[in-house]
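Take a look at the structure set out below.
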Amino acid sequence: MTKDTRQGLILEGPLAKGVFLVAMPSVAMMLVQTFNGFLDRFFVSKLGPEAIAAVTICTSWMWLILAAAMAVSTGTTALVGRFIGAGKTGDSEHAARSLHDAASATRQSIVLSLLISVVVGGILIAFRHPLMVLQGLDAHALPLAEPYLLVLALGQPVQFLVMILGGVFRGLGDTTRPFYVTLGSVAVHAVGNAILIPRIGIVGGALALIASQVLALALTVYFLRRSPVAAGLGGPWRLDTTWAWRILKIGLLAALQQLIRVGSMLVFQGMLARSAAGSAAVAALGVGLLFESIAFMPGFGYSIASSAFVGQNLGAGNVKRANAGAWAATWQAIAVMSVMGVVCYVFAQPFAQIFLQHGTDSAQNDRADETLRLAVAYLKIAALSEPFLALGMGLVGALQGAGETLSPTLLTAVAMIVVRLPLAWYLLNHFGLNGAWWAMSLSTMLQGVLVVIVFRQGRWRTVRV
1 MTKDTRQGLI
11 LEGPLAKGVF
21 LVAMPSVAMM
31 LVQTFNGFLD
41 RFFVSKLGPE
51 AIAAVTICTS
61 WMWLILAAAM
71 AVSTGTTALV
81 GRFIGAGKTG
91 DSEHAARSLH
101 DAASATRQSI
111 VLSLLISVVV
121 GGILIAFRHP
131 LMVLQGLDAH
141 ALPLAEPYLL
151 VLALGQPVQF
161 LVMILGGVFR
171 GLGDTTRPFY
181 VTLGSVAVHA
191 VGNAILIPRI
201 GIVGGALALI
211 ASQVLALALT
221 VYFLRRSPVA
231 AGLGGPWRLD
241 TTWAWRILKI
251 GLLAALQQLI
261 RVGSMLVFQG
271 MLARSAAGSA
281 AVAALGVGLL
291 FESIAFMPGF
301 GYSIASSAFV
311 GQNLGAGNVK
321 RANAGAWAAT
331 WQAIAVMSVM
341 GVVCYVFAQP
351 FAQIFLQHGT
361 DSAQNDRADE
371 TLRLAVAYLK
381 IAALSEPFLA
391 LGMGLVGALQ
401 GAGETLSPTL
411 LTAVAMIVVR
421 LPLAWYLLNH
431 FGLNGAWWAM
441 SLSTMLQGVL
451 VVIVFRQGRW
461 RTVRV
């Protein structure tokens, strides 16, 4: 099936088939990224649990910073999706005007993201040492984390642009080209890891990541110049505050949602680092999340499909199909993630052992054994929450595609700040690290249920963008 046919199924044709075909390139893309994460952690694991802990903490900080990119990306996706959907319902003049608006949103998103990335990257560079100290990293992990974070911070403009342009393609309903971009960037990242990490440590992993993002940006720009919005990209490349506010008005709450989610994870990781297990607990979480990503990464693919269906069908005035598309994407996500959750539960032990093998250092071997035990416990508990996580991912994607970002943000705050962190603190102190794992799982289940309630209320149907 051609890309154009696949995108056409967003607005008409068999619903389940349309969702599946739109989601599959994104699901495949996420699975490729998961495989890339496995390779990355495999090479890092050769350096010991302390290196895994350092990379885990730094990765969380990078996701916190990328919340600023999400503010632009989410707004761009919603606007481009609405304009493209609206352009398919009128005459040729109306279609041309809609494409022009979609191109303007794209152009302004690029300018805005460059400005923001320079600011946040500079902040991260200036405060990298106190941030790592704040996380409670021990004397083994701290010297590894700082240079790794510095390299990633220097590459922020490139990472921001890749993320924002990915938002453009999501709005277009084009999930195939981003998949090709991911294949190319993952190949560079994997080869770079294999060459650099054994020679210069985890800094080599950071350099490989930035190199892969440079290739991703080059490929994305190449595809963008051949997309429906290409003709309108020749306009002025100075910041237009009206457009900037229109983009951020939608995306700021999505960014706040990401800040809450990742900020809560950083606080949670700080609790783990200060527990009796220390870096072993943080490393166990890193290994556990990596294997769990086999289950939840396909959910991101269905979230992208849900966002495209809702955004374009609302733009075309077809609210009924928007609603049906959101639920079709969500149910497919539940099916896939539930099966993968079972895989996580059954194969927790053999998987974690891949990343926690013994060497010649007896003390490091003891830490690896403790990390293995904690990672297996995490995976078995987290597997139980995968269907609820799928609920949240599918329907939050739909809400964001509609430009309705307030409700998901409030629900994230409730689940993470009101429930997860206090519960984790209590259970960690009274029942050990298994209690902390249960706090994560239970808060995920709660958020999934709450998102269903909010989505069924239907406020998203009337949001203006």
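Residue numbers are given in UniProt numbering: position 355 of the sequence shown equals residue 355, and the series is strictly consecutive.
Glycine included, each C-beta is placed from N, C-alpha and C at the ideal position.
Please read all numbers here as calculations on a predicted model, not as lab measurements.
Opening and closing residue of the alpha helix (DSSP H) in which residue i lies
| i | result |
| --- | --- |
| Ser264 | Thr241 to Ala273 |
| Glu386 | Glu386 to Gly401 |
| Asn318 | Per DSSP, Asn318 belongs to no alpha helix (DSSP H) and is neither H nor E. |
| Gly75 | Ala67 to Gly87 |
| Ser45 | Leu15 to Ser45 |
| Ala231 | Per DSSP, Ala231 belongs to no alpha helix (DSSP H) and is neither H nor E. |
| Trp237 | Taken as a continuous stretch (DSSP letters only), Trp237 belongs to no alpha helix (DSSP H), as it is neither H nor E. |
| Met440 | Leu433 to Gln457 |
| Ala206 | Ile202 to Leu224 |
| Phe351 | Ala348 to Phe355 |
| Thr412 | Leu406 to Ala413 |
Candidates the options, of which the one nearest residue i by Cα
| i | options | result |
| --- | --- | --- |
| Val162 | Thr182, Pro143 and Ala153 | Thr182 |
| Arg246 | Val72, Thr220 and Phe296 | Val72 |
| Trp327 | Ala316, Ala308 and Val342 | Ala308 |
| Leu31 | Tyr426, His140, Met340 and Pro157 | Met340 |
| Gly122 | His140, Met62 and Thr175 | Met62 |
| Gly394 | Met337, Ile10 and Ile381 | Met337 |
| Ala277 | Ile84, Ile197, Asp138 and Arg41 | Asp138 |
| Ile354 | Asp40, Ala86 and Leu154 | Asp40 |
| Val451 | Ala413, Trp437 and Asn193 | Ala413 |
| Trp243 | Ala230, Tyr180, Ile110 and Ser227 | Ile110 |
| Leu154 | Leu134, Leu144, Val120 and Gly171 | Val120 |
| Thr74 | Ala284, Ala324, His430 and Ala105 | Ala105 |
| Ala436 | Ala398, Ala273 and Leu152 | Ala273 |
| Ile250 | Gly81, Gly458 and Leu421 | Gly81 |
| Phe169 | Phe83, Lys320, Leu433 and Leu252 | Phe83 |
| Pro422 | Gly299, Ala368 and Val267 | Val267 |
| Arg420 | Ala218, Ser441, Pro14 and Ala402 | Ser441 |
| His140 | Ser279, Ser293 and Arg456 | Ser279 |
| Gly299 | Gln156, Gly403, Arg456 and Ala398 | Ala398 |
| Pro143 | Ala368, Gly201 and Leu207 | Gly201 |
Inter-residue Cα distance where the pair is residue i and residue j
| i | j | result |
| --- | --- | --- |
| Leu289 | Ala439 | 15 Å |
| Ala424 | Gly448 | 18 Å |
| Trp460 | Asn318 | 13 Å |
| Val191 | Gly301 | 25 Å |
| Thr76 | Pro236 | 18 Å |
| Ala78 | Val418 | 29 Å |
| Val214 | Val158 | 6 Å |
| Ala211 | Phe38 | 18 Å |
| Ala103 | Asn313 | 19 Å |
| Val186 | Gln33 | 7 Å |
| Pro198 | Ala69 | 32 Å |
| Ile265 | Leu115 | Inspection of the sequence shows that residue 265 is occupied by Met rather than by Ile. Straight-line Cα distance between these residues: approximately 27 Å. |
| Thr330 | Val463 | 21 Å |
| Ile164 | Leu131 | 26 Å |
| Ala16 | Ser306 | 11 Å |
| Gly173 | Phe42 | 34 Å |
| Met271 | Ile195 | 34 Å |
| Val342 | Phe20 | 22 Å |
| Phe296 | Tyr426 | 27 Å |
| Ile10 | Val310 | 9 Å |
| Tyr345 | Thr59 | 25 Å |
| Val287 | Val133 | 22 Å |
| Ser303 | Glu370 | 35 Å |
| Arg97 | Gly87 | 8 Å |
| Val396 | Ala316 | 21 Å |
| Leu99 | Arg107 | 12 Å |
| Thr176 | Gly18 | 14 Å |
Length-filtered (3 minimum) beta strand (DSSP E) runs lying within the stretch 112-175
With a minimum length of 3 residues, no continuous beta strand (DSSP E) run stays inside the stretch 112-175.
Within 8 Å, do at least three Cβ pairs link the stretch 44-51 to the stretch 223-238?
no
Touch test, the stretch 52-64 against the stretch 147-154, Cβ-Cβ under 8 Å, three pairs minimum:
Yes, the stretch 52-64 is in contact with the stretch 147-154.
Hey, is the stretch 346-354 in contact with the stretch 402-421, meaning 3+ C-beta pairs nearer than 8 Å?
The stretch 346-354, when compared against the stretch 402-421, does not touch it at the 8 Å Cβ threshold.
With a cut-off of 8 Å, do at least 3 Cβ pairs link the stretch 120-132 to the stretch 256-263?
no
Closer than 8 Å is the cut-off here; do at least three beta carbon pairs connect the stretch 23-35 with the stretch 216-224?
no
Hey, is the stretch 431-446 in contact with the stretch 377-390, meaning 3+ C-beta pairs nearer than 8 Å?
Yes, the stretch 431-446 touches the stretch 377-390.
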